[in-house]
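All remarks here apply to the structure that follows.
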Amino acid sequence: MNSFDSNPATNSLISSEADSQRTLYPYVTGTSVVGIKYKDGILLAADMGGSYGSTLRYKSVERLKPVGKHSLIGASGEISDFQEIMRYLDDLILSDNMWDDGNSLGPKEVHNYLTRVMYNRRNKFNPLWNSLVLGGVKNGQKYLGTVSMIGVHYEDNHVATGFGNHLARPLLRDEWRENLTFEEGVILLEKCMRVLLYRDRSAVNKLQIAKITEEGVTISPPYSLKTFWNFSAFENPTHGAEGSW
Amino acid sequence: MTKQQANWSPYDNNGGTCVAIAGTDYCVIAADTRMSSGYNILTRDYSKIIQLVDTSVLASSGFQADVRALQKVLAAKHLQYQYQHNKQMSCPAMAQLLSNTLYYKRFFPYYAFNVLGGLDREGKGCVFTYDAVGSYERVGYSSQGSGSTLITPFLDNQLKSPGPLLLPARDAVTPLSESEAIDLVKTCFASATERDIYTGDKLEILILNASGTRVEYMELRKD
Chain Y
835 MNSFDSNPAT
845 NSLISSEADS
855 QRTLYPYVTG
865 TSVVGIKYKD
875 GILLAADMGG
885 SYGSTLRYKS
895 VERLKPVGKH
905 SLIGASGEIS
915 DFQEIMRYLD
925 DLILSDNMWD
935 DGNSLGPKEV
945 HNYLTRVMYN
955 RRNKFNPLWN
965 SLVLGGVKNG
975 QKYLGTVSMI
985 GVHYEDNHVA
995 TGFGNHLARP
1005 LLRDEWRENL
1015 TFEEGVILLE
1025 KCMRVLLYRD
1035 RSAVNKLQIA
1045 KITEEGVTIS
1055 PPYSLKTFWN
1065 FSAFENPTHG
1075 AEGSW
Chain L
59 MTKQQANWSP
69 YDNNGGTCVA
79 IAGTDYCVIA
89 ADTRMSSGYN
99 ILTRDYSKII
109 QLVDTSVLAS
119 SGFQADVRAL
129 QKVLAAKHLQ
139 YQYQHNKQMS
149 CPAMAQLLSN
159 TLYYKRFFPY
169 YAFNVLGGLD
179 REGKGCVFTY
189 DAVGSYERVG
199 YSSQGSGSTL
209 ITPFLDNQLK
219 SPGPLLLPAR
229 DAVTPLSESE
239 AIDLVKTCFA
249 SATERDIYTG
259 DKLEILILNA
269 SGTRVEYMEL
279 RKD
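Residue numbers (the numbering used here), protein chains in the order written: chain Y, 835 to 1079; chain L, 59 to 281.
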């Protein structure tokens, strides 16, 4: 095991040839994912942006995907790593189906699997550069969890990744309650996504909301949020500028 | 000028505090349930305690992913022990296993600060305290984690622990009753919560004695 140093560019202990074998930094990234439990199941929201550094390169990236019959995954971070994770999950679900024993992996199991994958990659200093949200319902039990690129994981009634932790979680802590209706849940999520749109520079105004219940998964078609810029200070921004100092 | 690079650390500190107190025929193990990262609270309801054996309870704070992995490794090792020896591990045996498991990763440590509490083969309370790489000793009480600097001096004062170098060696377990010890633990956490930002939300207390295991909860300040 090489001793690690967090700046490989200037360190010669980790050779530059070996660097081509592991993730150093992300290229195309997705921003926040927000998820909540509601009366019938789970609601997830994510925008459709794929940023290439400061460029908004891709605007139709689907960051919410179903997993098997009982789960929904949302990913932020490196998009190619998310695609890799989807391949792992497809294999996992396939193997689960091949048992043909009437059993199927629930959201808790999928979350545990993802946690192990992320943690093991972190142990090898070659992380999957993602923060994942995993939600689902099985046998009436709702589950909502998250796992980060270094394997930190937890479940809660509401979760978020990235900027969502700073901007959405406080709103959810104030306004979330048990047994929200679908409409109330969507209004709450849209409130969070609107704040993220105003304040997260990597956010785009094109989002999807995904719902999972005992019946199954529904991912909405992409749509945009209304934004409000009618603040008097924005209307004439240079008013009073001359001679103000 | 070199290109700006994203940096990542394989470690994070998810905070929290753990305490354990050994009595003549009981052991109290407690930890808060707050999980943080930097200045964020990730969740207010995450347990840092795991009951590995009827007589051994592990409380760990630090980097949550490592703590969880450590818990799973110990649980797996204990299962194997049961298959091989047809009995459960004693608390001192689990203590040694934990030490060895931690030292195994001496050069890429589990960032976990552990307190192991339980009952020894005689039914007496025992507490073992660790550092991140497996150095350990049996003590009468211990505190680890972000609030330990606030709690340990208070426990030293209240439990009047005998010096470890005294001869003949004096018993480290406290003469306090079970309910007095539980009260003391609640006081420790209420105080630590006031001044340590990483400690709070809720307190989980496990009490081990001859009749089995009991759990108690107490609300803590959420700010």
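Note that CB positions come from ideal geometry on N, CA and C, so glycine has one too.
- In this structure, Val111/L is the residue among Leu128/L, Val111/L, Thr82/L with its C-alpha nearest to the C-alpha of Thr271/L.
- Between the beta-carbon of Asn964/Y and that of Ala880/Y there is about 12 Å, and that puts the pair past the 8 Å contact cut.
- Contact with chain Y is found for Pro68/L, since one of that chain's Cβ atoms lies less than 8 Å from the residue's Cβ.
- The beta carbon of Ser982/Y is closer than 6 Å to those of Ser965 in its chain, skipping five residues each way along the sequence.
- Using a CB distance cut-off of 8 Å, Gln129/L does not count as an interface residue toward chain Y.
- Contacts with chain L at 8 Å (Cβ-Cβ) do not include Pro941/Y.
- For Leu858/Y, the chain L residues whose C-beta falls within less than 8 Å of its own C-beta are Gln63, Ala64, listed in chain order.
- Between Leu1022/Y and Glu1009/Y, the C-beta spacing is below 8 Å.
- The beta-bridge partner set that DSSP reports for Ala1044/Y consists of Leu878/Y, Ile1053/Y.
- Pairwise C-beta distances place the segment 261-279 of chain L in contact with the segment 112-124 of chain L, as three or more of them are shorter than 8 Å.
- Neighbours of Phe959/Y in chain L, taken as residues at a C-beta separation under 8 Å, are given in chain order as Pro68.
- For the options Gly936/Y, Trp933/Y, Thr995/Y, Gly902/Y, the alpha carbon positioned closest to that of Asp1034/Y is the one of Thr995/Y.
- Inclusion of Val185/L and Ile79/L in the CB contact set at 8 Å is warranted, their separation being smaller than that value.
- Below the 8 Å Cβ cutoff, chain L contributes no neighbours of Asn964/Y, its closest Cβ being approximately 12 Å away.
- Close to Leu223/L, with beta-carbon spacing below 8 Å, lies no residue of chain Y; the smallest spacing is near 38 Å.
- The C-beta distance from Val967/Y to Val867/Y rounds to 5 Å, short enough to meet the 8 Å contact threshold.
- The alpha-carbon separation between Ser1058/Y and Ser67/L amounts to approximately 36 Å.
- Here the alpha carbon of Lys182/L sits roughly 19 Å from the alpha carbon of Val243/L.
- Listed by position along chain Y, the residues whose Cβ is nearer than 9 Å to that of Ala123/L are Thr949, Met952, Tyr953, Arg956, Val981, Ser982, Ile984, Gly985, Val986, His987.
- Contact of Asp915/Y with chain L is not assigned, every C-beta pair being separated by 8 Å or more.
- If you draw a straight line from the Cα of Leu155/L to the Cα of Asn65/L, it comes to about 35 Å.
- Residues of the segment 83-97 of chain L whose Cβ lies closer than 8 Å to any Cβ of chain Y, in chain order: Met93, Ser95.
- The Cβ neighbour count for Glu262/L, taken over all protein chains shown within 10 Å, is at least 16; the residue is labelled buried.
- Contact check for Pro941/Y against Lys972/Y passes: the beta carbons are separated by less than 8 Å.
- Identification of chain L residues near Asp990/Y by a Cβ-Cβ cut-off of 9 Å yields Leu100, Thr101, Arg102, Asp103, Tyr104, ordered along the chain.
- Bounds of the alpha helix (DSSP H) holding Met952/Y are 941-957.
- Per DSSP, Pro68/L is not a residue of any beta strand (DSSP E), being assigned neither H nor E.
- When C-alpha distances from Gly81/L are compared across Asp178/L, Ala250/L, Ser118/L, the shortest belongs to Asp178/L.
- For Met932/Y, there is no enclosing beta strand (DSSP E); the residue is found in the alpha helix (DSSP H) stretching over 913-932.
- DSSP, reduced to helix, strand and coil, places Lys244/L within a helical segment of the structure shown.
- Under the three-state reduction of DSSP output, Ala1037/Y falls in the coil class, being neither helix nor strand.
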